[in-house]
Every structure is written in C-alpha cells, then in structure tokens.
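Residue numbering for the first sequence follows the numbering used here, beginning at 248 and increasing consecutively. Accompanying notes for the structure given below.
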Amino acid sequence: MGRAPCCDRAAVKRGPWSPEEDDALRDYMQRYGNTGSWITLPKRARLRRCGKSCRLRWLNYLRPDIRHGGFTDEEDAIIYSLYSQLGSKWSLIASQLERRTDNDVKNHWNTKLKKRLATAAAAFSSRSPSSMVPLPAPVAAAHPTPSTLLPLAVPVPVPTVKAETYTYDDFLAPDDALFVAAEGSTSASLSAASSGSNWSAVDNGATNEGGGGGFFADFCTAAGSDLAAADQYLSGFFYPLDPTLSLV
DNA sequence: AAGCCAGTCAACCGCAGGGGT
DNA sequence: GACCCCTGCGGTTGACTGGCT
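Spelled out as structure tokens, the structure:
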C-alpha cells in the first residue's frame with residue numbers, strides 16, 4: 248500500500264509544457280494568484296495538469312521575478328561558499344541569491360560547479376599548475392586581503408536564512424595564514440587545528456552527506472602533509488562567511 | 001548526412017514535515 | 001494522538017541540443 252497519487256495520472260498531461268499551457272497558467276496566476284490550493288488550481292485554470300506540475304512550472308519557470316542561466320562569478324563563489332557550509336540545501340542557497348530558483352542553482356551546481364571543483368581536486372592532486380582551475384576572479388580583485396581577519400568559529404551551526412541576499416561583503420577574503428587545517432573532518436585524516444576555515448562543514452555528514460565531502464577528502468588525501476597548500480587552494484572556492492553575521 | 005556522445009535543464013518522483021481535523 | 005491533506009524539497013530522469021567523428 249503506497250501513498251495515494253496526488254492526481255489521476257491517466258487524466259493529466261505530463262512532459263514538457265506547451266506555449267498554450269504556459270499562457271493559461273501565467274494568465275490565471277496574474278489574474279487571480281493561487282488563492283486556493285495547488286491541487287485544485289488545474290481545474291480552476293482549465294489545465295489538464297497535476298497541481299504539483301503547475302506549481303513547479305510557475306515557481307521555476309513562469310514566475311516573472313526569476314532569472315535563468317548566466318550565473319556570474321560572484322554568484323558561483325557564493326554558491327560554493329554556502330554549499331560548503333550548508334550542503335545541498337538548494338532552497339536555502341537559492342534564497343540567498345537574487346531571483347534564482349533552487350532548481351536552477353541545483354542544476355548549475357550539478358552541471359558546472361561540481362565538475363569545476365572535481366577538476367580542481369584532480370589538478371591539485373597532480374600538482375599540475377597548468378591544469379589548475381582559475382579561481383573566481385572578482386573575489387580576489389574586489390577584496391584584497393584585510394590585515395586582520397578573525398577565523399570562523401568551528402563548528403558553524405546550521406544556519407537559518409539571512410533576511411537579505413548575500414553579497415561578497417558577507418564573505419571573508421582568504422588569508423593564507425588563517426586558513427589552517429579544518430577540524431573534525433570525517434573522511435580525511437585532517438585534525439589538529441583548533442580554529443580556522445570551515446572546510447569541515449564540507450565533510451560534515453550532518454549537513455552534507457556525500458556532497459562536498461568527497462571533494463574535500465580528495466584535496467586532503469592529495470595534500471598529504473601539505474595541508475596549508477590544500478587550504479590555500481580550496482579557499483579560492485569556499486569563502487567563509489563573515490563571523491559577525493548571525494547565522495543561528 | 002548520419003550516428004554517437006556529452007552537456008544542459010525542465011520536469012517528475014517520492015519523501016518529510018506542517019497544519020488542520 | 002492519529003490521521004489526512006497539502007506543500008516544499010532534494011534526487012533523479014529523460015528530452016533536447018550541439019559538437020564531434
């Protein structure tokens with residue numbers, strides 16, 4: 248006995264939306280909004296679609312206040328940073344980027360950012376400077392390293408959502424001297440440091456099962472005793488949140 | 001021109017959890 | 001407290017596209 252389906256699958260259309268269906272849903276939402284439930288919306292909007300499908304289509308595609316594609320380097324760096332601390336909490340991460348949907352952020356991670364990070368891990372592993380992945384340029388350019396930076400407290404609690412979206416100013420610029428080995432890594436042999444950057448969260452099963460942990464483990468394994476180098480390289484991707492931000 | 005392959009992204013699925021009864 | 005309904009979320013799938021052979 249499984250859960251009852253949310254709609255009659257034989258009676259609803261599935262697959263890609265036609266322009267006519269888009270128009271019907273857009274027109275209905277702009278006229279009335281979704282004042283009832285999503286389940287009943289298809290009937291009200293005269294659509295042969297499942298309510299969940301309507302919701303997804305509206306939230307991820309038709310909504311007027313969203314952007315598609317064209318992620319900037321700044322957004323990439325923010326995604327890396329938030330992913331390193333939150334794991335695959337796509338809705339949380341998307342909520343911190345202006346007009347981005349969780350589906351878009353998730354797709355962008357899976358198709359671009361994850362691969363870039365994997366490539367970086369491989370490049371670091373082989374110590375091949377020529378194949379090193381360029382780090383997000385705007386960070387280094389716009390945020391010269393301050394002379395006095397406080398390390399993040401470790402561990403960082405699972406945050407609630409910051410009210411406004413993040414900008415670069417919410418992140419610490421990397422500082423080689425301060426990016427020491429992360430504490431409490433679960434899959435790599437890192438330990439030791441009592442404070443430092445928050446790479447441990449990348450490997451923290453509580454917040455990120457099987458997500459960034461693998462990449463972090465790759466870096467740590469490749470780094471051997473050269474943890475400082477790994478940390479320096481990683482810092483090009485993950486920027487610790489400013490500790491003065493209240494994330495709890 | 002045809003076939004293959006990898007990348008992209010829209011859409012679906014199942015589950016968790018909140019709220020109402 | 002138990003049950004049901006609904007929404008939101010994250011993982012996954014599959015259609016589509018463009019590049020390469």
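By construction, the Cβ of each residue, glycine as well, lies at the ideal position given by its N, Cα and C atoms.
Status (buried if at least 16 other CB within 10 Å, exposed otherwise) for residue i
{"i": "Ala400", "result": "Here Ala400 scores only 29 on pLDDT, less than 50, and its place in the model should not be relied on; the value that follows carries that caveat. By the neighbour-count rule (16 or more Cβ atoms within 10 Å), Ala400 is not buried but exposed."}
{"i": "Thr348", "result": "buried"}
{"i": "Ala315", "result": "Per the sequence shown, residue 315 should be read as His rather than Ala. Answer is exposed; the Cβ neighbour count stays below 16."}
{"i": "Pro289", "result": "buried"}
{"i": "Tyr275", "result": "buried"}
{"i": "Leu277", "result": "What sits at residue 277 in the sequence shown is Gln, not Leu. Counting Cβ neighbours within 10 Å, Gln277 comes out exposed, since fewer than 16 surround it."}
{"i": "Gly334", "result": "buried"}
{"i": "Ser328", "result": "buried"}
Between the CA atoms of residue j and residue i - distance to the nearest angstrom
{"i": "Glu268", "j": "Gln343", "result": "30 Å"}
{"i": "Ala258", "j": "Asp323", "result": "41 Å"}
{"i": "Ala292", "j": "Ala365", "result": "45 Å"}
{"i": "Leu272", "j": "Lys299", "result": "13 Å"}
{"i": "Gly317", "j": "Asp351", "result": "11 Å"}
{"i": "Arg295", "j": "Pro263", "result": "13 Å"}
{"i": "Ala428", "j": "Ser331", "result": "Note that Ala428 scores 29 on pLDDT, short of 50, meaning its location in the model is unreliable; the coordinates nonetheless yield the value given after this. Taking the straight line joining both Cα atoms gives about 15 Å."}
{"i": "Thr287", "j": "Leu303", "result": "14 Å"}
{"i": "Thr358", "j": "Tyr308", "result": "19 Å"}
{"i": "Cys254", "j": "Ala341", "result": "29 Å"}
{"i": "Ile313", "j": "Lys362", "result": "25 Å"}
{"i": "Asp270", "j": "Thr414", "result": "35 Å"}
{"i": "Cys297", "j": "Ala369", "result": "44 Å"}
{"i": "Pro266", "j": "Asp320", "result": "32 Å"}
{"i": "Arg310", "j": "Ala367", "result": "35 Å"}
{"i": "Asn354", "j": "Leu339", "result": "15 Å"}
{"i": "Arg261", "j": "Lys336", "result": "27 Å"}
Residue i - containing alpha helix (DSSP H), residue span
{"i": "Glu321", "result": "Asp320 to Leu333"}
{"i": "Asp349", "result": "Asp349 to His355"}
{"i": "Leu309", "result": "Note, Leu309: premise wrong, no alpha helix (DSSP H); not H, not E."}
{"i": "Pro302", "result": "Residue 302 is actually Arg in this sequence, not Pro. First-last of the alpha helix (DSSP H) with Arg302: Gly298 to Arg304."}
{"i": "Ala341", "result": "Trp337 to Ser342"}
Nearest-angstrom Cβ-Cβ length linking residue i and residue j, presumed shorter than 8 Å
{"i": "Trp242", "j": "Ile326", "result": "Not covered by the structure: residue 242. The range shown for the chain is 248 to 495."}
{"i": "Thr412", "j": "Glu345", "result": "5 Å"}
The ligand MN heavy atom lying under 7 Å from the CB of residue i
{"i": "Arg273", "result": "Among the components modelled here there is no ligand, and therefore nothing to report on the ligand MN."}
Residue ranges of each alpha helix (DSSP H) run of no fewer than 4 residues wholly in the segment 265-289, ordered along the chain?
-> 266-279
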